[in-house]
Ligand code: ATP
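In the UniProt record's numbering, the protein residues as written are 309 to 614.
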């Protein structure tokens with residue numbers, strides 16, 4: 309039996325290795341999958357980012373020609389400012405972030421960065437200029453140090469540590485027995501959604517891209533974690549052209565402009581204050597969300613009292 313159990317163990321080990329390998333490859337393909345139809349134009353030049361001004365001009369887009377998603381969207385993010393996109397689920401908010409990366413080409417209109425149409429520049433230079441803090445960060449099966457350094461592979465240990473501090477995840481990492489050498493990912497320590505998001509923020513701090521996209525997590529985080537993450541996000545987005553894709557409304561209050569998307573068009577736009585005063589769709593979403601979080605709070609307190 310001994311003789312048999314060793315090879316079986318070994319097979320189990322190999323099987324897990326292969327499965328994990330496949331998961332990583334699948335995740336890579338998920339990312340790459342989006343790009344095959346988009347090609348660099350012959351003679352495409354690198355994007356030259358001067359101030360990081362982003363412009364959507366009458367953008368029309370559909371994944372499937374029979375189902376238009378964006379029906380003529382125009383907005384600008386002046387250099388260093390923050391614009392937030394809100395709207396009902398399925399309105400096309402995340403689609404806008406995919407279009408800035410040029411994962412798809414638009415059917416009409418133009419997207420420009422510092423005056424250059426993104427179809428005229430190399431995809432490599434375009435993607436190097438944009439950092440994204442995604443909803444759900446993919447962690448590599450490696451140390452937490454490696455995962456943060458991925459934002460800029462030549463960063464020193466000290467720079468990695470500083471980025472983690474700024475992203476509000478430093479104390480957590482230092483509390484782990486193996487510290488920055490802790491293995492994370494599928495085979496290592498499983499990080500919570502909020503911790504993963506802070507790893508993504510630390511990566512972005514290291515990458516220091518001129519343009520930043522924050523794809524806010526759909527899942528609710530507890531108030532304390534949310535405040536910590538908000539502080540980290542405020543720090544990375546300061547003085548950097550930022551687009552916030554807001555699935556909830558908590559991150560948009562300070563935005564220079566909020567764009568409310570509905571049925572493929574911009575239904576309303578303004579600051580938090582002006583939109584509340586207008587008592588339209590945004591005000592309605594805001595009140596509904598506040599009501600929901602109050603109800604959640606009441607439920608939590610009732611459970612604590614039990
Ligand atoms: P949520 O707040 O729920 O995340 P969203 O506003 O970000 O929604 P998008 O992810 O931009 O919405 O999706 C907009 C619409 O486009 C949805 O109806 C969705 O089904 C559709 N869609 C998204 N991705 C694809 C795709 N790859 N192929 C076809 N349709 C897609």
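From the three backbone atoms N, C-alpha and C, an ideal C-beta is built for every residue, glycine too.
Taking all protein chains shown into account, residue 455 has 16 or more neighbouring C-beta atoms within 10 Å of its C-beta and is therefore buried.
Exclusion of the five residues before and after residue 475 leaves 506, 509, 510, 513 and 540 as the residues of its chain whose Cβ lies within less than 7 Å of its Cβ. Around the C-beta of residue 464, fewer than 16 other C-beta atoms lie within 10 Å, and the residue is accordingly described as exposed. Going by beta carbons, residue 400 and residue 572 fall inside the 8 Å limit.
For residue 583, no beta strand (DSSP E) run applies; the uninterrupted alpha helix (DSSP H) run containing it begins and ends at 580–586, by DSSP.
With respect to residue 362, residue 415 sits apart: the two C-beta atoms are not nearer than 8 Å. Look at the region 484–518 and you find no whole run of beta strand (DSSP E) that is 3 residues long or longer. 8 Å or more divides the Cβ of residue 564 from the Cβ of residue 441. Excluding sequence positions up to five before and after residue 487, its CB lies within less than 7 Å of the CB of 481, all in the same chain and listed in chain order.
Rounded to whole angstroms, the gap between the alpha carbons of residue 437 and residue 407 is 14 Å.
Residues whose Cβ lies closer than 5 Å to any heavy atom of the ligand ATP, listed in chain order: 371, 377, 397, 398, 399, 400, 401, 402, 403 and 555. C-alpha of residue 353 to C-alpha of residue 425: approximately 11 Å in a straight line. Residue 607 carries a helical assignment under DSSP once its states are collapsed to helix, strand and coil.
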